[in-house]
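In this note's numbering, the protein residues as written are 5 to 224. Glycine included, every Cβ here is placed at the ideal spot set by N, Cα and C. Input: a single structure, listed below in structure tokens.
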Amino acid sequence: NNTWIYCRSNRHNRAVYKKLVLADGSDDGSNNGTNNTVNMHIRLPDAYESSVGDGSSVTCSILANEVDDTFTMLINGIAWTSLNSSSPWYNASFSNSTYTYSNGTKETAIEGYVDSFQASQNNTWIYCRSNRHNRAVYKKLVLAQDHEPTCTWKKRSKSKLYGSLSGYKYSWSSCKDACESRDSCKGCTCKRGSNRKCKMSSKSYGYRNRSYDAYVKFCS
Numbered sequence: 005n006n007t008w009i010y011c012r013s014n015r016h017n018r019a020v021y022k023k024l025v026l027a028d029g030s031d032d033g034s035n036n037g038t039n040n041t042v043n044m045h046i047r048l049p050d051a052y053e054s055s056v057g058d059g060s061s062v063t064c065s066i067l068a069n070e071v072d073d074t075f076t077m078l079i080n081g082i083a084w085t086s087l088n089s090s091s092p093w094y095n096a097s098f099s100n101s102t103y104t105y106s107n108g109t110k111e112t113a114i115e116g117y118v119d120s121f122q123a124s125q126n127n128t129w130i131y132c133r134s135n136r137h138n139r140a141v142y143k144k145l146v147l148a149q150d151h152e153p154t155c156t157w158k159k160r161s162k163s164k165l166y167g168s169l170s171g172y173k174y175s176w177s178s179c180k181d182a183c184e185s186r187d188s189c190k191g192c193t194c195k196r197g198s199n200r201k202c203k204m205s206s207k208s209y210g211y212r213n214r215s216y217d218a219y220v221k222f223c224s
């Protein structure tokens, strides 16, 4: 949970990254939310769809032996029927429908479609509940960012950082690039008077040492 996946091409100077957020009690569309003859699902965009500017459907559904008129969807705590024009989800035009399968199972669904995801829709909680069956499922929509983090660096003269991640094999510029592509790297330590003897460090703090200069990474 809360794992950052970061992919980078140094040749093209491009990167993408995404955070994996697991929701307790969520449904992956297979068997979570199942209770005897009741099966609940939340369908959200796949990873390649879930970026700002992409579009996809968002659906909650419940399969049971009867139509469920108590089934509802909440978006960040607001019922889908109460969305107004100030909500970024208003234009998804959510509606409910029912369908009967050949085996007699009834599906009650609430679904909408987003033409183009906005940044304001990132980190939205989708919560679906059946009062009749006293069951609920929920998931968090996390949109991938198609740009790499913006990092700044602060120099701490005559300091050495704790937590060695490499030997003194980098130049300052290559240490900076390598550190920015590695979440566990918090900064670089370089031998004073040399831009060719730097190493990555796993800590953003250290101790005074006249023979080194430290550079601490700040990314957002």
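| message | Considering Cα atoms alone, identify which of 65, 110, 80 is closest to residue 124. | response | The residue given as residue 124 occupies position 120 in the sequence shown. Across the set 65, 110, 80, the C-alpha of 80 shows the shortest separation from the C-alpha of residue 124.
| By how many angstroms is the C-alpha of residue 46 removed from the C-alpha of residue 54? | Numbered from its first residue, the sequence shown carries residue 54 at position 50. Numbered from its first residue, the sequence shown carries residue 46 at position 42. Straight-line Cα distance between these residues: approximately 15 Å.
| task | Using three-state DSSP, classify residue 70 as helix, strand or coil. | result | The residue you call residue 70 lines up with position 66 of the sequence shown. Coil at residue 70, not helix or strand.
| said: Please state the DSSP three-state secondary structure of residue 43. | reply: Numbered from its first residue, the sequence shown carries residue 43 at position 39. DSSP places residue 43 in strand when its eight states are reduced to three.
| request: Would you give the residue range spanned by the alpha helix (DSSP H) that residue 176 belongs to? | output: Residue numbering aside, residue 176 sits at position 172 when the sequence shown is read from its first letter. That run of the alpha helix (DSSP H) goes 176-184.
| message | Given a cut-off of 8 Å on the beta-carbon distance, is the pair residue 122 and residue 62 in contact? | response | Taking the sequence shown and counting its residues from 1, the one referred to as residue 122 is at position 118. Taking the sequence shown and counting its residues from 1, the one referred to as residue 62 is at position 58. Taking 8 Å as the cut-off, the beta carbon of residue 122 is found no closer than this to the beta carbon of residue 62.
| request: Mind checking who residue 216 pairs with in its DSSP beta bridge? | output: Working through the sequence shown from its first residue, we reach residue 216 at position 212. 195.
| Do you know whose CA, among 213, 93, 109, lies nearest residue 165's CA? | Here the question's residue 165 lines up with position 161 in the sequence shown. Answer by Cα proximity: 213.
| Through-space distance from residue 137 to residue 59, alpha-carbon basis | The residue you call residue 59 lines up with position 55 of the sequence shown. The residue you call residue 137 lines up with position 133 of the sequence shown. Those two C-alpha atoms are separated by around 32 Å.
| message | Please report the distance separating the alpha-carbon of residue 67 from that of residue 22. | response | Taking the sequence shown and counting its residues from 1, one reaches residue 67 at position 63. Taking the sequence shown and counting its residues from 1, one reaches residue 22 at position 18. Rounded to the nearest angstrom, the gap between the Cα atoms of residue 67 and residue 22 is 32 Å.
| Is residue 205 helix, strand or coil when you go by DSSP? | Against the sequence shown, residue 205 aligns to sequence position 201. The answer is strand: DSSP assigns residue 205 an E or B state.
| query | Do you know offhand how far residue 140's Cα is from residue 105's? | reply | Here residue 140 corresponds to residue number 136 of the sequence shown, with the count starting at 1. Here residue 105 corresponds to residue number 101 of the sequence shown, with the count starting at 1. When only Cα atoms are considered, residue 140 and residue 105 end up about 22 Å apart.
| Is there contact between the segment 109-117 and the segment 156-173, where contact requires at least three CB pairs shorter than 8 Å? | By the C-beta criterion, the segment 109-117 is judged not to be in contact with the segment 156-173, since fewer than 3 inter-stretch pairs fall below 8 Å.
| request: Could you check the C-alpha separation between residue 131 and residue 160 for me, to the nearest Å? | output: Residue mapping note: residue 131 aligns to position 127 of the sequence shown, counting from 1. Residue mapping note: residue 160 aligns to position 156 of the sequence shown, counting from 1. About 47 Å.
| task | Tell me where the beta strand (DSSP E) around residue 141 begins and ends. | result | Residue 141 sits at position 137 when you count from the first residue of the sequence shown. Note, residue 141: beta strand (DSSP E), 139-145.
| query | DSSP three-state call for residue 109: helix, strand or coil? | reply | In the sequence shown, residue 109 corresponds to position 105, counting from 1. Note: residue 109 maps to coil in three-state DSSP.
| query | Under a Cβ-count criterion, where at least 16 other Cβ atoms within 10 Å of its own Cβ denotes burial, should residue 4 be classed as buried or exposed? | reply | This structure does not reach residue 4, given that the chain is present from 5 up to 224, and the question cannot be answered.
| message | Does residue 161 come out as helix, strand or coil in the three-state DSSP assignment? | response | Translated into the one-based positions of the sequence shown, residue 161 becomes position 157. Residue state for residue 161 is assigned as coil, using DSSP reduced to three classes.
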